[in-house]
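Student:
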Amino acid sequence: MMQGQSCCRIGARAKSTVLLVYTLDRTAPPSQGCCRVAARVMLARNLLRPEPTRTMPHKYPTHPDYARIPVFNFRFNRLMVALMNAFVALSRWRVARQSPEGLAVSRVAIFGTGGRQIPGILYRPESVSGAVPLLLYFHGGAFALTYAANHLTMCQSYALRSGCAVLLVDYRLAPAHPWPAPFDDCYDSLLWARQSAQELAIDPRRIVVGGDSAGGALAAGVAQKALDQGEVLSGQMLVYPVTDSRCNTQSVQEFDDAPLWNSISTRRMWQAYLPGGDHQQPPEYAAPGLRQDLGGLPPAYVETAEFDPLRDEGEHYARALQAAGVPVEMNATQGTIHGYELAAENPIVKDAMDRRCAFLSACFQRPDSIDSTGSEA
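In my numbering, each number is its position in the sequence shown, counted from 1, plus 159.
(1) Counting Cβ pairs, one atom from each stretch, are 3 or more of them under 8 angstroms apart for the segment 345-360 and the segment 284-292?
(2) State buried or exposed for W429, treating a residue as buried only when at least 16 other CB atoms are found within 10 Å of its CB.
(3) Give me, in chain order, the residues of the same chain whose beta-carbon lies closer than 8 angstroms to that of L304; leave out the 5 immediate sequence neighbours on both sides.
(4) Any chance the CB of Y317 is under 6 angstroms from a heavy atom of the ligand ADP?
(5) Can you give me the Cβ contacts of E474 inside the same chain, cut-off strictly under 6 angstroms, excluding the 5 residues immediately before and after it?
(6) Under 8 angstroms Cβ to Cβ from N421, same chain only, skipping five residues before and after it: list those, please.
(7) Out of curiosity, what's the CA-to-CA distance linking F107 and Y399?
(8) Note down, in chain order, each residue of its chain lying with its Cβ closer than 7 angstroms to the Cβ of V401, except the 5 sequence neighbours on either side.
(9) Kindly indicate which residue of Q439, L327 and S348 has the alpha-carbon position closest to the one of S265.
(10) Please determine if the segment 493-501 and the segment 431-448 are in contact, where contact requires at least 3 C-beta pairs separated by less than 8 angstroms.
(11) Checking 7 angstroms against the spacing of the C-beta atoms, do F297 and W351 come in under that value?
(12) So, helix, strand or coil for E358, using DSSP?
(13) So, are the CB atoms of V485 and L449 less than 7 angstroms apart?
(14) As an exercise, report each continuous alpha helix (DSSP H) stretch of at least 4 residues that is fully enclosed by the segment 389-432, in chain order.
(15) Given this structure, state the Cα-to-Cα distance separating D513 from S321, to the nearest angstrom.
(16) Grab the span of the beta strand (DSSP E) containing E474 for me, first residue to last.
(17) For P486, does the three-state DSSP call read helix, strand or coil?
(18) Give me the residue from Q451, N505, Q315 and A378 with the minimum Cα distance to M460.
(19) With a threshold of 16 other CB atoms inside 10 Å of the CB of Q383, please say whether the residue is buried or exposed.
(20) Along the alpha helix (DSSP H) that carries F233, what are the first and last residues, could you check?
(21) Across which residues does DSSP place F270 in a beta bridge pair?
(22) When DSSP labels each residue in this structure, what does A511 get in the three-state scheme?
(23) Between the beta-carbon of C522 and the beta-carbon of G394, is there less than 7 angstroms?
(24) Note down, in chain order, each residue of its chain lying with its Cβ closer than 7 angstroms to the Cβ of R525, except the 5 sequence neighbours on either side.
(25) Using the Cβ count rule (16 or more neighbours within 10 Å means buried), how would you classify W338?
(26) To which residues of the same chain is P259 closer than 6 angstroms at the C-beta, ignoring the five residues directly before and after it?
(27) Using C-beta distances below 7 angstroms, list every residue in its chain close to Q164, excluding the 5 sequence neighbours before and after it, in chain order.
(28) Where does R537 fall in DSSP's three states?
(29) Rounded to whole angstroms, what is the Cα-Cα separation between R234 and T425?
(30) Please name the residue, chosen from L319, A255, Q493 and N236, that lies closest to H336 on a Cα-to-Cα basis.
(31) Would you kindly report the start and end of the unbroken alpha helix (DSSP H) that includes T312?
(32) Could you check the C-alpha separation between C194 and P220 for me, to the nearest Å?
(33) Looking only at its chain, what residues have a beta carbon closer than 7 angstroms to the beta carbon of G454, apart from the 5 residues adjacent to it on each side?
(34) Can you tell me the Cα-Cα spacing of S520 and G273, whole angstroms?
(35) Is the beta carbon of V368 less than 7 angstroms from the beta carbon of V381?
(36) Going along the chain, which residues of its own chain have a beta-carbon closer than 6 angstroms to the beta-carbon of D403, five neighbours each way excluded?
Okay, structure coming up:
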């Protein structure tokens, strides 16, 4: 009897959650695109572990677009991640099947170590002939989630507005593939892009790595390994990046109930990405903010969100880069949450996209007298 009552409660909650998701998904205005994604996340979570979900306004003074984003704790068990990825893939289907005007889009097979194939999506502006610069982009998603619809639209904007090719890397994901698998895929993508420059019609001397959240950690780590291996990059674009596995900053301590992403989820992310590892002394390149010698790294754009547990570690990394003599553009957005650019029409998002694209353009226009091996051109 008890089991039957439990099943009824789960079924009732699942039904109510589906209705809530459908309502948010169909009625949210364009500026509330983040509500759609958050609603799908709520559905996945509630179906797996029914418990109350906070959908009322949270306590943080965010921009109104983020006032009703729910608070929840991400779970990294394989069933949860699989279901979440199914919803993310569903949400991006409409964008993925479109051919954006002015861009050539192709699916590519990136060849990694041992001939392993890594899927990728290559965007290239049709108005530009000859070899173009490249943004090698690593999507966010806590090292566990696949790329979302907003990653596709952002990559399209970077290509169109900065006149560059953009390669979105579909790297392996935790918990099925923890460290170093995602990082190895990303670094192998850099080597492959350089080796395939003629076929891809890109300029191997003008490559920027970029990423958001966990993708920011991957981009920063790739930039560090590239420096150590003599691979010269033109820049690194880090959007609210993960940089510190110790989880001991003030923002991590403070934002345990922040909307969309909080410190509880952050700690679980590291447990899934570095299972059984020493988070105080992680492997080299896994937590790029802990590297001591940052001299010689490429120019950086670092962006943070005000009500984000990752805020302080991103700002700490930006200051450490500056102290090492690396040119840094810092953009500390206000009134924002982690993943805030999901509200695409928000003026803060538009300003951030302007600054990101301006940074890319500046990197690609910077005189480059060094070839990909580090010798004089």
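Glycine is no exception: its CB is placed at the ideal position from the N, C-alpha and C atoms. Predicted model, so just to flag it, every value in this text is computed and none were measured.
Tutor: Reading it off the structure:
(1) Counting C-beta pairs closer than 8 angstroms gives three or more between the segment 345-360 and the segment 284-292, which meets the contact rule.
(2) Sequence index remark: in the sequence shown, residue 429 carries index 270 (1-based). With 16 or more neighbouring CB atoms inside 10 Å of its own CB, W429 falls in the buried class.
(3) The residue labelled residue 304 in the question sits at position 145 within the sequence shown. Correct list, in chain order: V240, M243, N244, V247 and L332.
(4) Judged by which ligands are present, the structure shown has none, so any question about the ligand ADP falls away.
(5) Translated into positions along the sequence shown, residue 474 becomes position 315. Cβ neighbours of E474 beyond the five flanking positions: T463.
(6) The sequence position of residue 421 within the sequence shown is 262, counting from 1. Excluding residues within five positions, the ones whose Cβ falls inside 8 angstroms are V230, N232, F414, D415 and P468.
(7) Any property of residue 107 remains undetermined from this structure, which presents the chain solely from 160 to 536.
(8) Counting from one through the sequence shown, the residue named residue 401 turns up at place 242. S372, A373, G375, A376 and L469, listed in sequence order.
(9) To locate residue 265, count along the sequence shown from 1; it is residue 106. For S265, the closest C-alpha among the options Q439, L327 and S348 is that of L327.
(10) Not touching, per the Cβ criterion.
(11) As a position in the sequence shown, residue 297 is number 138, starting the count at 1. As a position in the sequence shown, residue 351 is number 192, starting the count at 1. Not a contact, by the Cβ cut-off of 7 angstroms.
(12) One-based indexing of the sequence shown puts residue 358 at position 199. DSSP places E358 in helix when its eight states are reduced to three.
(13) For the purposes of this step, residue 485 is identified with residue 326 of the sequence shown, where counting begins at 1. For the purposes of this step, residue 449 is identified with residue 290 of the sequence shown, where counting begins at 1. Cβ atoms of V485 and L449: not closer than 7 angstroms.
(14) For the segment 389-432, whole alpha helix (DSSP H) runs of length 4 or above, ordered along the chain, are 409-413 and 422-432.
(15) Within the sequence shown, the letter at position 354 stands for residue 513. Within the sequence shown, the letter at position 162 stands for residue 321. Each residue's alpha carbon lies about 10 angstroms from the other.
(16) For the purposes of this step, residue 474 is taken as residue 315 along the sequence shown, with counting starting at 1. Membership of E474 in any beta strand (DSSP E) is not indicated; the residue belongs instead to the alpha helix (DSSP H) covering R470 to A482.
(17) Numbered from its first residue, the sequence shown carries residue 486 at position 327. DSSP places P486 in coil when its eight states are reduced to three.
(18) Working through the sequence shown from its first residue, we reach residue 460 at position 301. Checking the sequence shown, residue 460 turns out to be Tyr, not Met. Distances from the CA of Y460 to each of Q451, N505, Q315 and A378 were compared; the closest alpha carbon is that of A378.
(19) Sequence index remark: in the sequence shown, residue 383 carries index 224 (1-based). Classification of Q383: buried, given that the 10 Å Cβ count is 16 or more.
(20) For the purposes of this step, residue 233 is identified with residue 74 of the sequence shown, where counting begins at 1. F233 -> no alpha helix (DSSP H), and no H or E assigned at all.
(21) As a first step, residue 270 must be located in the sequence shown, where it is residue number 111. DSSP lists Q276 as partners of F270.
(22) Translated into the one-based positions of the sequence shown, residue 511 becomes position 352. A511: helix per DSSP, three-state reduction.
(23) Taking the sequence shown and counting its residues from 1, the one referred to as residue 522 is at position 363. Taking the sequence shown and counting its residues from 1, the one referred to as residue 394 is at position 235. In contact: C522 and G394 (Cβ atoms closer than 7 angstroms).
(24) Position 366 of the sequence shown, counted from the first residue, corresponds to residue 525. In the same chain as R525, and ignoring 5 residues on each side of it, the C-beta atoms closer than 7 angstroms to its own belong to S393, in chain order.
(25) On the sequence shown, position 179 is the one that residue 338 refers to. Buried, since its Cβ has 16 or more Cβ neighbours within 10 Å.
(26) For the purposes of this step, residue 259 is taken as the residue at position 100 of the sequence shown. Same-chain partners within the cutoff: Q315.
(27) As a working note, residue 164 is residue 5 in the sequence shown. Confidence is the limiting factor: at Q164 the pLDDT is only 46, short of 50, which leaves the residue's position unreliable, though a coordinate-based value still follows. No residues qualify anywhere along the chain.
(28) Residue 537 falls outside the range modelled here, since the chain spans only 160 to 536, and no answer is possible.
(29) For the purposes of this step, residue 234 is taken as the residue at position 75 of the sequence shown. For the purposes of this step, residue 425 is taken as the residue at position 266 of the sequence shown. Between the alpha carbons of R234 and T425 lies a distance of about 10 angstroms.
(30) Counting from one through the sequence shown, the residue named residue 336 turns up at place 177. Nearest to H336 by C-alpha distance, out of L319, A255, Q493 and N236, is N236.
(31) The residue labelled residue 312 in the question sits at position 153 within the sequence shown. Where T312 is concerned, the enclosing alpha helix (DSSP H) stretches over A308 to S321.
(32) Numbered from 1 along the sequence shown, position 35 holds the residue referred to as residue 194. Numbered from 1 along the sequence shown, position 61 holds the residue referred to as residue 220. Here the model assigns C194 a pLDDT of 47, short of 50, so the residue's position is not dependable, and the following value carries that caveat. Rounded to the nearest angstrom, the two C-alpha atoms are 17 angstroms apart.
(33) Reading the sequence shown from its first residue, position 295 is the one you call residue 454. Within the same chain, G454 has close Cβ partners A483 and G484.
(34) As a first step, residue 520 must be located in the sequence shown, where it is residue number 361. As a first step, residue 273 must be located in the sequence shown, where it is residue number 114. Cα atoms of S520 and G273: separation of roughly 35 angstroms, rounded to the nearest angstrom.
(35) For the purposes of this step, residue 368 is taken as the residue at position 209 of the sequence shown. For the purposes of this step, residue 381 is taken as the residue at position 222 of the sequence shown. Their beta carbons are under 7 angstroms apart, which means V368 touches V381 by this criterion.
(36) One-based indexing of the sequence shown puts residue 403 at position 244. Taken in chain order, the residues that qualify are A446, G448 and E472.
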